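I have placed the structure first, in the form of structure tokens, so that the comments after it can refer back to it.
In the working numbering, the protein residues as written are 5 to 326.
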């Protein structure tokens with residue numbers, strides 16, 4: 005019987021915060037194994053609505069998940085990157101049960117920018133047509149929420165409790181916080197951030213100069229027709245992908261995404277954020293960032309980078325139990 009190989013590090017999120025960039029950088033390291041399917045979502049055990057179920061690939065069965073790592077023997081660092089894990093209340097304990105010594109990496113971004121980037125992605129893919137503020141409020145007011153159920157524009161940016169859950173389960177020394185700004189600025193910043201991650205997961209730093217950190221997703225576009233995303237995410241598209249490439253979770257997902265971006269998205273100017281929506285989001289996120297700063301014992305001005313001159317909330321100066 006083949007040995008079961010579980011990951012020993014997890015990039016747990018957050019969404020629209022550079023997980024794809026970090027995945028792309030780490031995948032170039034000879035001691036690091038990452039599967040072709042970047043986001044298995046296995047430990048979140050997602051139950052998306054019918055409308056959402058074909059919009060992304062997710063794994064629910066253990067055998068399918070372990071198959072992603074069948075070629076990982078001999079690698080020092082074995083990981084995956086599922087942004088649903090950070091917001092999932094149950095993912096930390098599930099990961100700990102399967103991989104007790106795992107290390108956790110969370111990428112955090114200015115939550116206002118994160119929410120707007122998330123919205124623009126949905127706009128690009130034909131999943132959203134309403135103005136930003138209207139879409140925000142509608143999603144915020146829904147009773148049933150979850151990954152693959154609602155967009156969680158606001159909830160995904162409420163970092164304090166999400167990070168606290170992982171620290172409780174794994175301990176502070178096995179949870180690494182990476183800032184989105186460091187992955188998206190100069191080459192020196194990117195290299196420093198990647199070095200921090202390599203050191204954390206125990207990979208050889210001497211390969212750092214061989215890692216190309218030029219990858220970035222900066223272009224914006226919109227769906228040519230509002231119905232195309234449903235077609236692109238359908239079973240028909242999935243079957244077409246299986247005809248074109250060998251049967252593989254990662255390969256089919258990559259083919260579908262490539263075809264969609266190439267033929268169904270047209271370039272468009274990036275719209276500016278609604279100031280009223282921005283102010284509303286700032287008022288929600290400000291106390292949460294203050295709580296996160298208190299939890300981590302450090303100031304995080306990068307998480308308020310887009311806010312302009314706004315007085316940050318002051319968290320109660322007391323020890324926060326984790």
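Every residue, glycine too, gets a C-beta built ideally from N, C-alpha and C. Keep in mind the model is a prediction, meaning the values are calculated, not measured.
Note down the Cα distance separating residue i from residue j, rounded to an integer number of angstroms.
i	j	result
residue 60	residue 180	27 Å
residue 34	residue 79	8 Å
residue 174	residue 158	26 Å
residue 152	residue 309	29 Å
residue 160	residue 113	11 Å
residue 208	residue 202	7 Å
residue 16	residue 290	22 Å
residue 133	residue 56	16 Å
residue 167	residue 286	20 Å
residue 45	residue 284	30 Å
residue 86	residue 154	17 Å
residue 356	residue 194	This structure cannot speak to residue 356, because the chain is shown only from 5 to 326.
residue 251	residue 65	Confidence at residue 251 is low in this model, with a pLDDT of 44, below 50, so its placement is unreliable and no value can be given for it.
residue 128	residue 14	28 Å
Among the options, which has the Cα closest to the Cα of residue i?
i	options	result
residue 39	212, 141, 12, 166	12
residue 288	213, 116, 94, 51	116
residue 280	290, 93, 123, 137	137
residue 210	43, 32, 14	32
residue 144	131, 206, 162, 43	162
residue 205	22, 26, 29, 36	36
residue 123	299, 191, 303, 277	277
Tell me whether residue i sits in a helix, a strand or coil according to DSSP, three-state version.
i	result
residue 151	strand
residue 199	helix
residue 293	helix
residue 15	strand
residue 132	coil
residue 142	helix
residue 276	coil
residue 303	coil
residue 89	helix
residue 161	helix
residue 310	coil
Leaving out five residues before and five after residue i in sequence, what residues of the same chain have Cβ atoms less than 6 Å from its Cβ?
i	result
residue 121	20
residue 96	169, 170, 173
Excluding the 5 residues flanking residue i on each side, which residues of the same chain have their C-beta closer than 8 Å to its C-beta?
i	result
residue 9	70, 73, 74, 76, 77, 82
residue 18	87, 90, 91, 110, 111, 112, 113, 118, 160, 161, 163, 166
residue 199	209, 212
Between which residues of its own chain and residue i is the CB-CB distance below 7 Å, once the five residues before and five after are set aside?
i	result
residue 197	182, 186, 187
residue 50	62, 88, 151, 152
Next item on the list: Within the segment 92-123, note down every full alpha helix (DSSP H) run reaching 4 residues or more, in order along the chain.
Entry: The segment 92-123 contains these whole alpha helix (DSSP H) runs: 95-102.
Note to self: Quick check on the DSSP output: what are the complete alpha helix (DSSP H) runs of length 4 or more inside the segment 17-84, in order along the chain?
What the structure shows: Unbroken alpha helix (DSSP H) stretches of 4 residues or longer found wholly inside the segment 17-84: 23-30, 66-71, given in chain order.
Item checked: Segments of 3+ residues assigned as beta strand (DSSP E) that fall wholly inside the segment 168-219 -> The qualifying runs are 179-183.
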